[in-house]
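With the first letter of the sequence shown counted as 1, position 41 gets the number 41 in the UniProt record's numbering; the numbers rise by one all the way through. Every residue, glycine too, gets a C-beta built ideally from N, C-alpha and C. Please read these numbers as outputs of a predicted model, since none were measured by experiment.
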Amino acid sequence: MLRMLLILSILLFSARAALGFGERLRCTPPENRINLTLNGLILGAGFLAPIVELMDSTEFLYQTSLLNETGRIIFNQTFANISALAKINTTMALYLLSTTVFNLRPDGQKSLFQNLTGFTVQRSALYSSLPPVAEEYTKYVNTTKFKQSLHVPVNFTINSLKPMVALMLSGDFFTDIQERFRSALDYQNILLYTGQVDALFPSTNFRKYFSTLQWTKKKAFERAGRNTWSTCRDPHGVAGYIESIPNFSYAVVLRAGHHTTLDEPSSVYHLTSSFIKGKNFSNNLKCTSNLH
Numbered sequence: 001m002l003r004m005l006l007i008l009s010i011l012l013f014s015a016r017a018a019l020g021f022g023e024r025l026r027c028t029p030p031e032n033r034i035n036l037t038l039n040g041l042i043l044g045a046g047f048l049a050p051i052v053e054l055m056d057s058t059e060f061l062y063q064t065s066l067l068n069e070t071g072r073i074i075f076n077q078t079f080a081n082i083s084a085l086a087k088i089n090t091t092m093a094l095y096l097l098s099t100t101v102f103n104l105r106p107d108g109q110k111s112l113f114q115n116l117t118g119f120t121v122q123r124s125a126l127y128s129s130l131p132p133v134a135e136e137y138t139k140y141v142n143t144t145k146f147k148q149s150l151h152v153p154v155n156f157t158i159n160s161l162k163p164m165v166a167l168m169l170s171g172d173f174f175t176d177i178q179e180r181f182r183s184a185l186d187y188q189n190i191l192l193y194t195g196q197v198d199a200l201f202p203s204t205n206f207r208k209y210f211s212t213l214q215w216t217k218k219k220a221f222e223r224a225g226r227n228t229w230s231t232c233r234d235p236h237g238v239a240g241y242i243e244s245i246p247n248f249s250y251a252v253v254l255r256a257g258h259h260t261t262l263d264e265p266s267s268v269y270h271l272t273s274s275f276i277k278g279k280n281f282s283n284n285l286k287c288t289s290n291l292h
């Protein structure tokens, strides 16, 4: 009987769904399983920590000079209000979050982040508006030809349903998935990576949360040490940092914001393809032809 091998590579908010799918596949009784073997999970800039802990970018924005002291106080207090509100009304908490960072308001008003920083997008600390390649991508996916190729109604506009989807998922945004995440760390083969200058999910926020998790291989991971990794023939030299033990690796992609593959496509490709090759991930990641 043919057995298929699968590696899930998921970014951003879909990381929760991938984690849930992987755990459900692993825990399904043998008699009910499909002919599919999950070989690994690749989770990039994923929504894996509690949302307020992950998205409270106050200190990151302050340390990168995007907020002054006044902005720091305002931003910090707003997230404190979101955290308190989430305990009694997740829908209202999501609304306040959307006016703070998500910019999902249908009336077109700016988010608190936009008003305090002057940035139009909260993806990276390195740019204040969408880079040209992102603008071109948005134009392309809104073309009739592209929509027809995916059988999408031609009158549909990309991201037009974002506010509605966010509202429908408001409960999930504030759901604690710590037990499921811990189980995945214990039993799955995982590559997890974050962007160095992610202004929406700061890498330091995730790392702070991750350090509190208690999992079977935590001590082994803490002893692993951190190494640099590079992309072949990349003039930058160092592409990021990696900490790795059998079946789990955590990487930081330098110069990458929230959309890591957009900001550093070569680095992310090299990182993920090295993981997909299997066998010794650390050896796969090495480049013998780097420019230094």
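Within the same chain, Leu96 come within 8 Å of Asn81 by CB-CB distance, once the 5 residues on both sides are set aside.
In the three-state scheme derived from DSSP, where H, G and I count as helix and E and B as strand, Val197 is classed as coil. Our two residues, Glu53 and Tyr209, have alpha carbons roughly 8 Å apart in a direct line.
DSSP places Val133 within a helical segment (H, G or I) once states are collapsed to three. It is roughly 10 Å from the alpha-carbon of Phe281 to the alpha-carbon of Thr272.
Distance between Val133 and Gly44, taken at the CA atoms: about 20 Å.
Counted as a single uninterrupted DSSP element, the beta strand (DSSP E) harbouring Asn39 occupies residues Leu36 to Gly44. For Gly240, the enclosing beta strand (DSSP E) has its first and last residue at Gly240 to Ile245. A distance below 7 Å separates the beta carbons of Lys147 and Val154. It is roughly 15 Å from the alpha-carbon of Val152 to the alpha-carbon of Lys139. The beta carbon of Thr228 sits closer than 7 Å to the beta carbons of Val238 and Tyr241 from its chain, once the five residues preceding and following it are set aside; these are given in chain order. Nearest to Tyr193 by alpha-carbon distance, out of Cys232, Asp186, Lys277 and Glu243, is Glu243. Counting only residues of its own chain and dropping the five nearest sequence neighbours on each side, Thr231 has a CB closer than 6 Å to the CB of Ala239, Ser266, Ser267 and His270.
Residue pairing by DSSP places Ala251 opposite Tyr193 and Ile242 in a beta bridge.
Pairing Phe156 with Ala224, the inter-Cα distance amounts to about 48 Å. Sequence-distant partners of Asp176 (beyond 5 residues in either direction) whose C-beta falls short of 8 Å from its own C-beta, in its chain, are Pro50. Assigned with DSSP and collapsed to three states, Thr157 falls in coil, not helix or strand. In the DSSP assignment, Asn227 falls within the unbroken beta strand (DSSP E) covering Asn227 to Trp229. Under the three-state reduction of DSSP, Ser111 is assigned to coil, being neither helix nor strand. By the C-beta density criterion, Met168 is exposed, having fewer than 16 other C-beta atoms within 10 angstroms.
By the 16-neighbour rule on beta-carbons within 10 angstroms, Pro246 is exposed. DSSP, reduced to helix, strand and coil, places Ser57 outside both helices and strands of the structure shown, so it counts as coil.
Leu213 and Val252 have their alpha carbons spaced roughly 19 Å apart. Residue state for Ser128 is assigned as coil, using DSSP reduced to three classes.
Take the alpha-carbon of Leu94 and the one of Ala86: they are about 8 Å apart. Distance check between Gly118 and each of Glu179, Asp172, Leu61 and Arg207 places Leu61 closest, using alpha-carbon atoms only.
The DSSP-derived three-state label of Ser211 is coil.
The residue among Phe79, Ile88 and Arg255 with its C-alpha nearest the C-alpha of Ser98 is Phe79. Val101 is positioned such that its CB atom lies closer than 7 Å to that of Phe113.
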